[in-house]
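K.L.:
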């Protein structure tokens, strides 16, 4: 690290904590320090996150040493999961405290670099505190970034940003949520007072250049399709201990209770043979069901579940219990698929097919999630078709093959959301708004006719028996100006995003008023007083 341009206190902290850098860090830091746009693609557990953050931490502490560090947000970190955002904030406290202490010892300086989180779990009081005293590093999600860009206080906080870090970018790039994020990134770049350096962190994708194009936007891609971006591709080939678990009873088109019992008992055997086990399933309902049966075999205190319908408190409690070694197993959905710190996991089990090579690698990579670790995974097909699919997936893994990435082209409903949100915050020249939209990579082929059609729909609304409704913007065709109507901002704030809006009901324990989690509207309406169901293993 001595050859890199880091402050001595930063070098001392890193060497005392980690010893030597990983390859993504050694190759990533010079590129980031040069000010270029950077995409780091590397396997799980290779230190990608610190590769992105350490250069930013160094810049913040240097600014504090050379002058007063203002209370303004300079780094925006975006993660696709609320749980990962909370985890990153916690993990940043160690380097912040360590570097601060070393600077105090050597220079007698007390430099307070702060990091905080803004997600859907953030309370109103915490949001107000963020506005009054912005953190230097803001940790958030794509949806919360969109909300901040659509509020006056949020825009003021984001206007000082210099660095944008998009973590686990591969998790959103191939769906409509990615298109929504790409437009938010362009809105952020247009808002900031300083040029915005973009840093992307990704598992290996095919082709990785497409992820780089998504990161930098259409304006930074030349005619040959080459993105103006430093791509650091470490590759995905990693030794794996991976095998298929087949029950003694024959698999059918549909699982019988007999086969389920065999799977539960085999899972229990594997869990007892390892210190900690992470069991992945594909639905929240399955997570609760598997947790219930494993609890009967291993004890209620040995197993719990983790999924998006649980309250943040219960999710964090499950993560902490696994990290402390108090749980033998944690049954999770995709909520733990990404790089959340849950301590050392010895074994990953996957119930049901993952449908993709990337997801399988990502989930199995959660085992031995550290430098030099050998991930161990066992997959359980739940039908004859899934057995064939798993055989094909494992063969692809052995060959080093990957799923081919496909980015959705210009989803117009997502564009409509962002136009309303942008128009609700300021007046726009329609040509400038079109340029902003088409600079997002998923909208690079957006035609002016398509853009004008969306604007016309938003300006005129649609006909109902009670007249025209849903006119959300004013469009001045003579002066070519677009601005939001009354109520446009409220609509943008309450109806934005690409995650399906489910009418969920909160589940409260009486008389303690403890919030357990949520259930969907259909389940709540069809339930009767006295019905018993499982949620959060509670």
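In the working numbering, the protein residues as written are 4 to 541.
Virtual Cβ for every residue (Gly too), placed ideally from N, Cα, C.
What residues are listed by DSSP as bridge partners for residue 432?
P.N.:
Along the chain shown, one-based indexing puts residue 432 at 429. Paired residue(s): 484.
K.L.:
So what does DSSP say about residue 101, is it helix, strand or coil?
P.N.:
Within the chain shown, residue 101 is the residue found at index 98, counting from 1. Helix.
K.L.:
Compute the distance between the beta-carbons of residue 368 and residue 46, then report whether it is under 8 Å.
P.N.:
On the chain shown, residue 368 is found 365 positions in, with the first residue counted as 1. On the chain shown, residue 46 is found 43 positions in, with the first residue counted as 1. In contact: residue 368 and residue 46 (Cβ atoms closer than 8 Å).
K.L.:
Applying the 10 Å Cβ sphere with the 16-neighbour rule, what's the burial state of residue 536?
P.N.:
Taking the chain shown and counting its residues from 1, the one referred to as residue 536 is at position 533. With fewer than 16 Cβ atoms within 10 Å of its Cβ, residue 536 is classed as exposed.
K.L.:
In or out: residue 361 buried (at least 16 other Cβ within 10 Å) or exposed?
P.N.:
Position 358 of the chain shown, counted from the first residue, corresponds to residue 361. Buried, by the Cβ-count rule.
K.L.:
Taking residue 424 and residue 144 to be in contact with their CB atoms under 8 Å, please state how far apart those CB atoms are, rounded to whole angstroms.
P.N.:
Residue 424 sits at position 421 when you count from the first residue of the chain shown. Residue 144 sits at position 141 when you count from the first residue of the chain shown. Contact doesn't hold; Cβ gap of about 16 Å is too wide.
K.L.:
By how many angstroms is the C-alpha of residue 321 removed from the C-alpha of residue 541?
P.N.:
The residue given as residue 541 occupies position 538 in the chain shown. The residue given as residue 321 occupies position 318 in the chain shown. Its pLDDT being 48, under 50, residue 541 is placed unreliably in this model, and the coordinates cannot settle the point.
K.L.:
Which two residues bound the contiguous alpha helix (DSSP H) that contains residue 338?
P.N.:
For the purposes of this step, residue 338 is taken as the residue at position 335 of the chain shown. Element bounds for residue 338: n/a, residue is neither H nor E.
K.L.:
Which residues share a DSSP beta bridge with residue 446?
P.N.:
Taking the first residue of the chain shown as 1, we reach residue 446 at position 443. Paired residues: none, contrary to the question.
K.L.:
To the nearest angstrom, how far is it from the Cα of residue 203 to the Cα of residue 121?
P.N.:
Counted from its first residue, the chain shown places residue 203 at position 200. Counted from its first residue, the chain shown places residue 121 at position 118. Approximately 20 Å, taken between the alpha carbons.
K.L.:
If you draw a straight line from the C-alpha of residue 377 to the C-alpha of residue 353, how long is it?
P.N.:
Locating residue 377 in the chain shown gives position 374, counting from the first residue. Locating residue 353 in the chain shown gives position 350, counting from the first residue. Distance between the alpha carbons of residue 377 and residue 353: 17 Å.
K.L.:
Return helix, strand or coil for residue 404, following the three-state DSSP convention.
P.N.:
Start at 1 with the first residue of the chain shown, and residue 404 comes out as number 401. Note: residue 404 maps to coil in three-state DSSP.
K.L.:
Tell me which residue opens and which closes the alpha helix (DSSP H) that residue 53 is part of.
P.N.:
Indexing the chain shown from 1 puts residue 53 at position 50. Where residue 53 is concerned, the enclosing alpha helix (DSSP H) stretches over 51 to 69.
K.L.:
In whole angstroms, give me the CA-to-CA distance for residue 235 and residue 59.
P.N.:
Locating residue 235 in the chain shown gives position 232, counting from the first residue. Locating residue 59 in the chain shown gives position 56, counting from the first residue. Each residue's Cα considered, the two are about 18 Å apart.
K.L.:
Note the first and the last residue of the continuous alpha helix (DSSP H) segment covering residue 321.
P.N.:
By 1-based counting over the chain shown, the position of residue 321 is 318. First-last of the alpha helix (DSSP H) with residue 321: 315 to 326.
K.L.:
Is DSSP giving residue 9 helix, strand or coil here?
P.N.:
What you label residue 9 is simply residue 6 of the chain shown in a count that begins at 1. Looking at residue 9 - three-state DSSP - the assignment turns out to be coil, as it is neither helix nor strand.
K.L.:
With three or more beta-carbon pairs closer than 8 Å as the criterion, would you say the region 390 to 400 touches the region 415 to 423?
P.N.:
No contact exists between the region 390 to 400 and the region 415 to 423.
K.L.:
Which of the three DSSP states, helix, strand or coil, is assigned to residue 332?
P.N.:
Position 329 of the chain shown, counting from 1, holds the residue named residue 332. Strand, per DSSP.
K.L.:
On a CA-only basis, which of 30, 37, 68, 74 is nearest residue 53? Give me that one, please.
P.N.:
Working through the chain shown from its first residue, we reach residue 53 at position 50. Nearest of 30, 37, 68, 74 to residue 53, Cα basis: 30.
K.L.:
Would you tell me roughly how many angstroms separate the C-alpha atoms of residue 11 and residue 177, rounded to the nearest one?
P.N.:
Within the chain shown, the letter at position 8 stands for residue 11. Within the chain shown, the letter at position 174 stands for residue 177. If you take the alpha carbons of residue 11 and residue 177, they lie about 41 Å apart.
K.L.:
Quick one: using the 10 Å Cβ neighbour count with 16 as the cut-off for buried, is residue 371 buried or exposed?
P.N.:
The residue you call residue 371 lines up with position 368 of the chain shown. Answer is buried; the Cβ neighbour count reaches 16.
K.L.:
Distance, Cα to Cα, residue 100 vs residue 113?
P.N.:
Indexing the chain shown from 1 puts residue 100 at position 97. Indexing the chain shown from 1 puts residue 113 at position 110. Computed Cα separation, rounded: 10 Å.
K.L.:
What does the Cβ neighbour count give for residue 384, buried or exposed, with the cut at 16 atoms within 10 Å?
P.N.:
On the chain shown, residue 384 is found 381 positions in, with the first residue counted as 1. Buried, since its Cβ has 16 or more Cβ neighbours within 10 Å.
K.L.:
Does the region 82 to 98 touch the region 325 to 333, meaning 3 or more C-beta pairs lie closer than 8 Å?
P.N.:
The region 325 to 333 is not in contact with the region 82 to 98.
K.L.:
Check whether the Cβ atoms of residue 165 and residue 77 lie closer than 8 Å to each other.
P.N.:
Along the chain shown, one-based indexing puts residue 165 at 162. Along the chain shown, one-based indexing puts residue 77 at 74. Yes.
K.L.:
May I have the straight-line CA-CA distance separating residue 284 from residue 404, to the nearest angstrom?
P.N.:
In the chain shown, counting from the first residue as 1, residue 284 sits at position 281. In the chain shown, counting from the first residue as 1, residue 404 sits at position 401. Distance between the alpha carbons of residue 284 and residue 404: 23 Å.
K.L.:
Just to confirm the assignment, what range does the beta strand (DSSP E) spanning residue 246 have?
P.N.:
As a first step, residue 246 is located in the chain shown; it is residue number 243 there, counting from the start. It spans 244 to 247 - the beta strand (DSSP E) in which residue 246 sits, taken as one unbroken run.
K.L.:
For residue 382, report the span of its beta strand (DSSP E) as first-last.
P.N.:
The sequence position of residue 382 within the chain shown is 379, counting from 1. 379 to 383 is the span of the beta strand (DSSP E), which, as asked, contains residue 382.
K.L.:
Between residue 173 and residue 230, what straight-line distance do the alpha-carbon atoms span, to the nearest angstrom?
P.N.:
The sequence position of residue 173 within the chain shown is 170, counting from 1. The sequence position of residue 230 within the chain shown is 227, counting from 1. The straight-line gap from Cα to Cα measures roughly 17 Å.
K.L.:
From the DSSP output, in three-state form, read off residue 295 for me.
P.N.:
As a first step, residue 295 must be located in the chain shown, where it is residue number 292. Correct three-state label for residue 295: helix.
K.L.:
Between which two residues does the alpha helix (DSSP H) containing residue 119 stretch?
P.N.:
Within the chain shown, the letter at position 116 stands for residue 119. No alpha helix (DSSP H) holds residue 119; the beta strand (DSSP E) holding it covers 118 to 121.
K.L.:
List in chain order: all unbroken beta strand (DSSP E) runs of 3+ residues lying wholly within the region 144 to 216.
P.N.:
Complete beta strand (DSSP E) runs here, min 3: 166 to 169, 200 to 205.
K.L.:
Count the other CB atoms within 10 Å of the CB of residue 448; is the residue buried (16 or more) or exposed (fewer)?
P.N.:
In the chain shown, residue 448 corresponds to position 445, counting from 1. Residue 448 is exposed by the Cβ-count criterion.
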